[in-house]
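K.L.:
Structure below; questions to follow.
Numbering (the numbering used here), first residue to last: 4 to 151.
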């Protein structure tokens, strides 16, 4: 009897940990490979525009990107903003989204005054990755430098 209670608690804890992440059946959505790619890119680069996300993950389909970003934001994996008119909608991961992305980076802070720099670096990095090059982002380099 105690074995059954222990296994029930383990399963219940596992369900609580993945609730809303797109991994559990009853979430109402399932996280796709493109969703995971967006979480990883947004964590690595810090911030992406809707257009950058659509191009990198969904073959340029903006409406698909908009829908998936909305679902992931409602699940608490992404933050989004449309406050900066020149950039359009932008997204970045939450701590939870960064953890699920599996990049070993923490969730980026809100973009703020470094937004233009972040988006320009993401533009160049994504273009290089599309061309088949390996890219280390500023966040990855800084994290590696901070480890003794």
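C-beta: ideal position from N, C-alpha, C; glycine also. What you are looking at is a predicted structure, and each value in this text was computed from that prediction instead of being measured.
If you draw a straight line from the C-alpha of residue 76 to the C-alpha of residue 145, how long is it?
P.N.:
Locating residue 76 in the chain shown gives position 73, counting from the first residue. Locating residue 145 in the chain shown gives position 142, counting from the first residue. Roughly 27 Å separates the two Cα atoms.
K.L.:
Give the secondary structure of residue 97 by DSSP, where H, G and I count as helix, E and B as strand, and everything else as coil.
P.N.:
On the chain shown, position 94 is the one that residue 97 refers to. The answer is coil: DSSP assigns residue 97 none of H, G, I, E or B.
K.L.:
Where does residue 81 fall in DSSP's three states?
P.N.:
Position 78 of the chain shown, counting from 1, holds the residue named residue 81. Strand.
K.L.:
Given that a residue counts as buried once 16 or more other Cβ atoms are within 10 Å of its Cβ, and exposed if not, what is residue 73?
P.N.:
As a working mapping, residue 73 is identified with position 70 in the chain shown. Looking at its Cβ environment, which holds fewer than 16 other Cβ atoms inside 10 Å, residue 73 is exposed.
K.L.:
So, with DSSP's three-state summary, where would you put residue 146?
P.N.:
Counted from its first residue, the chain shown places residue 146 at position 143. Reduced to three states, the DSSP call for residue 146 is helix.
K.L.:
Could you check where the alpha helix (DSSP H) with residue 45 kicks off and where it finishes?
P.N.:
Here the question's residue 45 lines up with position 42 in the chain shown. 36-48 is the span of the alpha helix (DSSP H), which, as asked, contains residue 45.
K.L.:
Give a yes or no on whether the C-beta atoms belonging to residue 13 and residue 51 are separated by under 8 Å.
P.N.:
Position 10 of the chain shown, counted from the start, is the residue given in the question as residue 13. Position 48 of the chain shown, counted from the start, is the residue given in the question as residue 51. Not in contact: residue 13 and residue 51 (Cβ atoms no closer than 8 Å).
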